[in-house]
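Here is the structure we will look at.
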Amino acid sequence: MDFKTVDRNISKNMRKLGMPAIRLSFAILFFWFGILKPLGLSSAEPLLKATVAWLPFGGPQQWLSIIGWWEMLIGITFLFKQTTKIAIGLLFLQMVGTFMPLVFLPEITFQKGNYLLPTLEGQYIVKNVMIISAALVVGGKFYKNKK
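First residue of the sequence shown: 29, per this note's numbering; consecutive thereafter.
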């Protein structure tokens, strides 16, 4: 077996396993991080509560639970191929809120006001760009370009 054959076989397996792996990863991460919020066990709780404190309805504790349940729903809907489009829609809505601390709490998300130096919290938020990118890849698989 030559290198090209091995490379082709590896690539074929990556294509076959890649999409289920991304969906399963989304399911695990969103459900896991989501369930911690209503249980009061999330390390993101102080940041989340500070972010939603300005909202005119509901208190920070209520929002913590709502967001946690929302994230669990994202995780569950990523488990099934038939509900993946729903999962992606819920994920994109959730991501809007995820980036809010960068705007409303820059003193927490950036070091000394320097937007090129994210704090640990800022890094936690900015890495969501990769989550958005992966969701775009998953969503793009639903429609084949027909010529």
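Note that beta-carbon positions come from the ideal geometry of N, C-alpha and C, so glycine has one too. These figures come from a predicted structure and were not determined experimentally.
4-residue-minimum alpha helix (DSSP H) runs that sit fully inside the stretch 81-121, ordered along the chain: 88-106
Strand pairing of Q139, partner residues [DSSP]: N142
Which listed residue (T79, T111, K140) has its alpha carbon closest to that of G167: T111
Coil, strand or helix - T147 by DSSP: coil
S70 versus L164, I95, N142, V165, residue with shortest Cα-Cα distance: I95
C-alpha distance - I153 paired with F85, whole-angstrom precision: 24 Å
CB contact flag (P48, T79, <8 Å): no
For V124, the nearest candidate out of S53, N156, I38, F31 (CA to CA): N156
Burial state of K44 (16 or more Cβ within 10 Å): exposed
Closest Cα partner of I160 within the set R51, L76, W60: R51
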